[in-house]
Amino acid sequence: MMELAKNNTRHSKRRDSFALPIGSYLGTLLVLGVLAIAMTPVLWAILSAFKTRSDIFAGDVWPRTWSIENFRDLLAKTLYLRWMFNSLFVAIISTVLGVFFCSLGGYAFAKFEFPGKTVLFWIVIASVSIPAFTTVIPLFGWLARLGLLDTYLVLILPFAANAFGIFLMRQYCIGVPNELLDAGRIDGCGEFRLYWAVVLPLLRPALGTVGILIFIASWNSYIWPLVMMRTDDMLTLPVGVASLKGDQLPEYGMLMAASVLSSLPIILAFLIMQRQFIAGLTQGAVK
Amino acid sequence: MLKITRRAVMLTVSALTAAGVAFSAEAKTKITYWAWTEHVAAANAVKAEFEKQNPDIEVEISNLNPFDLQDKFLVAMAAGVGGPDVALILQRRFDAYIATGGLLDTTKEMAPLKESYPPAVWSTIAYDGKTYGIPYDQNPSAFFYRADIFEANGIKVPLETWEDFVAAGKVLAQKGIFITHVSAPSGVPGVANLVEYLQSRNAEIFDGSGKVVKNNALARETLRFYYDLVRTHKIAFESRNNAPEFFQAVKDGRIAGYAVPSWAVFRLQKEAPDQSGKWRAMPWPKWGKDAPATTGAWGGNVLAIPKSTKNREAALKWAMFIGANEVTQTRIWEEGHLLPAFEPALKSPVLAKGEEYLGGQSIYEAALKPRTLNNFNYYDWGKAEVIIGNELDLMFGGKKSPEQAWDDIEKQLISQLRR
Amino acid sequence: MTAAIAHTIHKAGHSRRRLRRALIPYLFLAPFFLTFLAFWLGPIIASFVYSFTDWRGVLQARFIGLANYERIYEDPRFWLALRNTAFYGLVYVTLLNTLALALALAIDSTWLRFRNGIKIGFFLPVTISLVVAAVMFEMIFANGVGLLNITLKALGLPQPDWLGDPKVAIWSIIILRIWRALGYYAVIYFAGLQAIPSDVKEAARLDGCRPWQVTWHMTLPLLKPVILFCIIMSTIWALELFDEAWVLTKGGPADSTLTIVIYLYQAGFQYIELGYAAAVSYVLTFLIVIAAIAQKLLIGREQQ
Chain A
1 MMELAKNNTR HSKRRDSFAL PIGSYLGTLL VLGVLAIAMT PVLWAILSAF
51 KTRSDIFAGD VWPRTWSIEN FRDLLAKTLY LRWMFNSLFV AIISTVLGVF
101 FCSLGGYAFA KFEFPGKTVL FWIVIASVSI PAFTTVIPLF GWLARLGLLD
151 TYLVLILPFA ANAFGIFLMR QYCIGVPNEL LDAGRIDGCG EFRLYWAVVL
201 PLLRPALGTV GILIFIASWN SYIWPLVMMR TDDMLTLPVG VASLKGDQLP
251 EYGMLMAASV LSSLPIILAF LIMQRQFIAG LTQGAVK
Chain B
1 MLKITRRAVM LTVSALTAAG VAFSAEAKTK ITYWAWTEHV AAANAVKAEF
51 EKQNPDIEVE ISNLNPFDLQ DKFLVAMAAG VGGPDVALIL QRRFDAYIAT
101 GGLLDTTKEM APLKESYPPA VWSTIAYDGK TYGIPYDQNP SAFFYRADIF
151 EANGIKVPLE TWEDFVAAGK VLAQKGIFIT HVSAPSGVPG VANLVEYLQS
201 RNAEIFDGSG KVVKNNALAR ETLRFYYDLV RTHKIAFESR NNAPEFFQAV
251 KDGRIAGYAV PSWAVFRLQK EAPDQSGKWR AMPWPKWGKD APATTGAWGG
301 NVLAIPKSTK NREAALKWAM FIGANEVTQT RIWEEGHLLP AFEPALKSPV
351 LAKGEEYLGG QSIYEAALKP RTLNNFNYYD WGKAEVIIGN ELDLMFGGKK
401 SPEQAWDDIE KQLISQLRR
Chain C
1 MTAAIAHTIH KAGHSRRRLR RALIPYLFLA PFFLTFLAFW LGPIIASFVY
51 SFTDWRGVLQ ARFIGLANYE RIYEDPRFWL ALRNTAFYGL VYVTLLNTLA
101 LALALAIDST WLRFRNGIKI GFFLPVTISL VVAAVMFEMI FANGVGLLNI
151 TLKALGLPQP DWLGDPKVAI WSIIILRIWR ALGYYAVIYF AGLQAIPSDV
201 KEAARLDGCR PWQVTWHMTL PLLKPVILFC IIMSTIWALE LFDEAWVLTK
251 GGPADSTLTI VIYLYQAGFQ YIELGYAAAV SYVLTFLIVI AAIAQKLLIG
301 REQQ
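Chains as they are written, first to last, in full-length UniProt numbering: chain A, 1 to 287; chain B, 1 to 419; chain C, 1 to 304.
1) For Asp182/A, name the three-state secondary structure that DSSP assigns.
2) If you reduce the DSSP assignment to three classes, tell me which class Phe33/C lands in.
3) With 8 angstroms as the threshold, decide whether the Cβ of Gln416/B is near any Cβ in chain A.
4) What does the Cβ neighbour count give for Glu113/A, buried or exposed, with the cut at 16 atoms within 10 Å?
5) If I follow the unbroken alpha helix (DSSP H) through Phe122/C, where does it start and stop?
6) Pick out whichever of Gln295/C, Phe114/C, Pro25/C has its Cα sitting closest to the Cα of Met233/C.
7) With three or more C-beta pairs closer than 8 angstroms as the rule, is the stretch 311-326 of chain B touching the stretch 277-297 of chain B?
8) Helix, strand or coil for Ser401/B per DSSP?
9) Could you please give the first and the last residue of the uninterrupted beta strand (DSSP E) stretch that includes Thr95/A?
10) Please classify Ile53/B: is it buried, with 16 or more other beta-carbons within 10 angstroms of its beta-carbon, or exposed?
11) If you follow the alpha helix (DSSP H) that Val350/B is in, where does it begin and where does it stop?
12) Count the other C-beta atoms from every protein chain shown that fall within 10 angstroms of the C-beta of Phe36/C, then say buried if there are 16 or more, exposed otherwise.
13) Under DSSP, the beta strand (DSSP E) around Trp34/B begins and ends at which residues?
14) Excluding the 5 residues flanking Pro253/C on each side, which residues of the same chain have their C-beta closer than 7 angstroms to its C-beta?
15) Tell me, which residues are paired with Lys153/C by DSSP?
16) When the Cα of Glu74/C is compared with those of Val289/C, Tyr276/C, Ile299/C, Lys119/C, which residue comes out closest?
17) Quick one: which chain C residues come within Cβ less than 8 angstroms of Pro138/A?
18) Would you mind telling me which residues of chain E sit closer than 7 angstroms to Val31/A, beta carbon to beta carbon, in chain order?
19) For the stretch 306-318 of chain B against the stretch 392-400 of chain B, are there 3 or more C-beta pairs whose distance is under 8 angstroms?
20) So the candidates are Asp380/B, Ile332/B, Arg92/B, Tyr226/B; which of them puts its Cα closest to the Cα of Pro189/B?
21) For the alpha helix (DSSP H) that contains Phe87/C, what are its first and last residues?
22) Residues of chain C with a CB under 8 angstroms from the CB of Lys245/A: which are they?
23) From what residue to what residue does the beta strand (DSSP E) around residue 424/B run?
24) Whose C-alpha, out of Val250/B, Pro344/B, Val86/B, Gln199/B, is nearest the C-alpha of Glu313/B?
25) Kindly list, in the order they appear in chain B, the residues whose Cβ is closer than 8 angstroms to that of Leu226/A.
26) Name the chain B residues whose beta carbon is nearer than 7 angstroms to that of Asp232/A?
27) Is the number of C-beta pairs between the stretch 145-154 of chain B and the stretch 256-276 of chain B that are closer than 8 angstroms three or more?
28) Can you tell me where the beta strand (DSSP E) holding Ser183/B begins and where it ends?
29) If the cut-off is 9 angstroms on Cβ atoms, which residues from the stretch 174-204 of chain A count as contacting chain C, listed in chain order?
30) Measuring alpha carbon to alpha carbon, tell me which of Ala405/B, Asp71/B, Phe144/B ends up nearest Ile272/C.
31) When you check each C-beta in the stretch 74-90 of chain B against every C-beta of chain C, which residues fall closer than 7 angstroms?
32) Would you mind stating whether Val132/C and Val241/A have Cβ atoms separated by less than 8 angstroms?
33) State yes or no: is the beta carbon of Leu74/A nearer than 8 angstroms to at least one beta carbon in chain B?
34) Report back the beta-carbon spacing between Trp287/B and Arg371/B to the nearest angstrom; my notes put them in contact at under 8 angstroms.
35) So the candidates are Pro63/A, Phe101/A, Met39/A, Val90/A; which of them puts its Cα closest to the Cα of Tyr195/A?
36) Give, in chain order, every residue of the stretch 146-162 of chain A whose Cβ lies closer than 8 angstroms to some Cβ of chain B.
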């Protein structure tokens, strides 16, 4: 696939010089070829989700008999829908809270001068490089003593304080024109109102970016919910699905069915938010 | 300084939560039990009975991925708070949990029951003259085989010794059929496979006081045998433990035997349901004509109670109810062919019941009862497993002879574990 | 007198307002920082303290000075883990960023059809949970019967034991990791490309530059901040590699896929040497910070 870059330019050159559609088709074909390789495991998972247990290992591409048994088992024998709800719920709330916290903080870092600013900022940046494992054991003790285990709160808050998110927000806020803020202040606008009514609307694309980062971090998190949640009802999707892997033999079919179902909402979220996500990265990261 | 911080946090927190605790004190004692799949099924089956006998206790059973469960339990032990009241723990990890000092001492409760457990099982909970937790199951190995393939190739059963076994394997190998499986490459997951052989031969790695056995000729010989199964005689299918290619080979009829504990029969049942009635079980082969009729184990679990439990009495009651009770212990056989640790349960007719998958044979009667489970001492097993797994990989990778690999294992165990 | 009182009140009001103004940035930072303090900074500091103790759980921890750090230095397995991680990181970061950038250039180009479908297709693996991905790749990498080896066999190519051969296993992990991350980074690069005003490229083209020259001399230099960002992010993730290696190989065979975080996990979660594990995580953090600064210096300086 490293040739891709070369081919890419070669084809576009041809298109530019001769305006031949053939270059466009060849280039597309090449990218589609690579995509096909990348998609094979996904397609295999989707097809396997419709296979019966004895077919899964048989080595056929297509299911011998199309069966929805795996989906039925998943919904009937596990708390799948509950896990899905938990995962979506905490991811959405973390995202909303996270973009709020990060934009507010990022704005302060970008547009205010105050003692301790540099130190605080570097503390946040350096924390990105600490392996999350390190925090788990001390935190568990504290949270357990506070009686906070097994609550949505512990699944939400750590993701809302996303160090990387506040960094991106700061980068973006630097670009907000100072004249605009001064004009607001002269009009007697309170500082929070200024943030809420003037800055936040300008930040919209960045909100999408940080939002997707936080959403994915929460959605894919594993060790954290694993350790902090104690009852089956409170598990998130990745942890719940992992319990299907069992001791000795995975429930292959159900795992695949779970993967198909659990990818749907996040793909939907990507479709809805991608424009903002891309726009946000565009203006946030390049600065 | 550490101590002060911890105490300060605890004080603040206990003040904060005091109201909540006082509020719930009136209610039923609710205890949590962590286990996985077949053990959850067994626990669910006896839960109603337990709650009938103990109307003041309510049991909540959580189903977790077994490896995840170990990690979760560890974090709770390390933090000294937030754990379950009872958890099912992999036996090979148990010594590490004892070392944290976070497990409940069960010496008083268990001492009178010592005679009810086989010595090999008892030793897993005994540590420095005390006992921790309660035994749950034993996992003596048997040998499952395809009766139809054996018959078609004129192999007489039972295979009395490993010598007979190798001879039979060579007959099958000519047809491209493997008589058994060996975990190669091994890594940590494959170490338990080797232990099965070591234990069945009484080739202990650690002596009773926890010292590494030096110049361990028996272990060295056993490793050579293990290696020969795969590389010299070429009669064992080699793959990572539980790898898909192994089950594919089972389905294709290229696997005629499986040297595993009784619970592993469910893998065959699940992956090769169409081979029902073709499989049989026989006892673990002996290490010589006059050698003792012994076997080893693969796996095994122990019931652990964290010291930090707020419901000590209720937790003990529940743990004893599943670990030291014939009815419940019989249930774990029914749910997952796990051989009860509690000996009175072995007399249950349930264990003698025939299995359709094995052509009406009872695994217990045919393969387990004729063998005694040897003892095997586990010390610092987490580290030991990594050392052994790596050496096995080097050996299977052709970098070392089995003898050399064993010498290096011994050397590293001594230097790194300081035992 | 009334005037004096009025003046005082006014002054008090004034200084209160001044105080409030001075407090505003702190108030704005408070929601983030309180949460950050509780869930990140607090435990990070606590484990820094633990890294000087022999903490093994509920037993009382003893202060042992730098002994944990000395032990790290003396353990050949740590150095092996470091070497593996560095090798893995180098290959992964290079391959991933090259591929993601190439893909983003293709998606950004004018000649590509089915742009949206392709974008979503590459993003799909990002959404698949690790456990499921691990099971899928176990089947794909399976020796002899896996999808990959069946395909290689059909093509008449050699079929390595993807997870069983110590020389190959790390590549299998790199493949899985790139598969999972490619779409994510391609989207970030694509966003960067979208930010480059099209008139810049157009002008260059009108000046007679060939498309590859436009890409090489105009697009890539303008993209440098994004490239730097992606390289630093992917390096951090590479140095903290755990999930993929743990689920596929548990660090084996023969420690060939042992990474620093697996080493850390074994120390903490399996040997229950929590103080030692904390020390390992601080060594790792130190290395990550060094790597990030080095990259920033290398790529960042060129930029100016």
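In this text, a Cβ means the ideal position worked out from N, Cα and C, and glycines have one as well. Computed from a predicted structure; not experimentally measured.
Taking the coordinates as given:
1) Counting from 1 along the first sequence, the entry for residue 182/A is found at position 182. Three-state DSSP puts Asp182/A in a helix.
2) Residue numbering aside, residue 33/C sits at position 33 when the third sequence is read from its first letter. Three-state DSSP puts Phe33/C in a helix.
3) Counting from one through the second sequence, the residue named residue 416/B turns up at place 416. Not one chain A Cβ lies under 8 angstroms of Gln416/B.
4) If you number the first sequence from 1, residue 113/A lands on position 113. With a threshold of 16 other beta carbon atoms within 10 Å, Glu113/A falls short and is exposed.
5) Here residue 122/C refers to the residue found at position 122 of the third sequence. Its alpha helix (DSSP H) spans residues 115-123.
6) In the third sequence, residue 233/C corresponds to position 233, counting from 1. Closest by alpha carbon: Gln295/C.
7) no
8) In the second sequence, counting from the first residue as 1, residue 401/B sits at position 401. In the structure shown, Ser401/B sits in coil (DSSP, three-state: anything other than H, G, I, E or B).
9) Residue numbering aside, residue 95/A sits at position 95 when the first sequence is read from its first letter. Thr95/A -> not in any beta strand (DSSP E); alpha helix (DSSP H) instead, spanning 80-111.
10) Within the second sequence, residue 53/B is the residue found at index 53, counting from 1. According to the sequence as given, residue 53/B is Gln; it is not Ile. Answer is exposed; the Cβ neighbour count stays below 16.
11) Counted from its first residue, the second sequence places residue 350/B at position 350. Looking at the DSSP string, Val350/B is not in any alpha helix (DSSP H), and its letter there is neither H nor E.
12) Residue numbering aside, residue 36/C sits at position 36 when the third sequence is read from its first letter. Counting Cβ neighbours within 10 Å, Phe36/C comes out buried, since at least 16 surround it.
13) For the purposes of this step, residue 34/B is taken as residue 34 along the second sequence, with counting starting at 1. Trp34/B -> beta strand (DSSP E) spans 29-35.
14) If you number the third sequence from 1, residue 253/C lands on position 253. These residues qualify, in order along the chain: Gly164, Pro166, Ala169.
15) Residue 153/C sits at position 153 when you count from the first residue of the third sequence. The partner list for Lys153/C (beta bridge, DSSP) is empty, contrary to what the question assumes.
16) Sequence index remark: in the third sequence, residue 74/C carries index 74 (1-based). Closest by alpha carbon: Tyr276/C.
17) In the first sequence, counting from the first residue as 1, residue 138/A sits at position 138. Neighbours of Pro138/A on chain C, chain order: Gly42, Pro43, Ala46, Ser47, Tyr50.
18) Of the chains in the structure shown, none is chain E; the protein chains are A, B and C.
19) no
20) What you label residue 189/B is simply residue 189 of the second sequence in a count that begins at 1. Minimum Cα distance to Pro189/B is reached at Arg92/B.
21) The residue given as residue 87/C occupies position 87 in the third sequence. 76-108 is the extent of the alpha helix (DSSP H) around Phe87/C.
22) The residue labelled residue 245/A in the question sits at position 245 within the first sequence. Under the 8 angstroms cutoff, chain C gives Val131, Val135.
23) Not covered by the structure: residue 424/B. The range shown for chain B is 1 to 419.
24) The sequence position of residue 313/B within the second sequence is 313, counting from 1. Among Val250/B, Pro344/B, Val86/B, Gln199/B, the Cα nearest to that of Glu313/B is on Val86/B.
25) Locating residue 226/A in the first sequence gives position 226, where the first residue counts as 1. What Leu226/A touches in chain B: Asp68, Asp71, Lys72.
26) Against the first sequence, residue 232/A aligns to sequence position 232. Those are Ser62, Asn63, listed as they occur along chain B.
27) yes
28) Residue mapping note: residue 183/B aligns to position 183 of the second sequence, counting from 1. Ser183/B -> beta strand (DSSP E) spans 180-183.
29) Within the stretch 174-204 of chain A, those residues whose Cβ lies closer than 9 angstroms to any Cβ of chain C are, in chain order, Glu191, Phe192, Tyr195.
30) Residue mapping note: residue 272/C aligns to position 272 of the third sequence, counting from 1. Closest by alpha carbon: Asp71/B.
31) Within the stretch 74-90 of chain B, Leu74, Met77, Ala78, Gly80 place their CB atoms closer than 7 angstroms to a CB of chain C, listed in sequence order.
32) As a first step, residue 132/C must be located in the third sequence, where it is residue number 132. As a first step, residue 241/A must be located in the first sequence, where it is residue number 241. Between Val132/C and Val241/A, the C-beta gap is smaller than 8 angstroms, which places the two residues in contact.
33) Looking up residue 74/A in the first sequence gives position 74. Output row for Leu74/A: interface = no.
34) Counting from 1 along the second sequence, the entry for residue 287/B is found at position 287. Counting from 1 along the second sequence, the entry for residue 371/B is found at position 371. With 8 angstroms as the limit, Trp287/B and Arg371/B do not qualify as a contact, their Cβ atoms being about 12 angstroms apart.
35) Taking the first residue of the first sequence as position 1, residue 195/A is located at position 195. Tyr195/A has its Cα closest to that of Phe101/A, out of Pro63/A, Phe101/A, Met39/A, Val90/A.
36) Leu146, Gly147, Leu149
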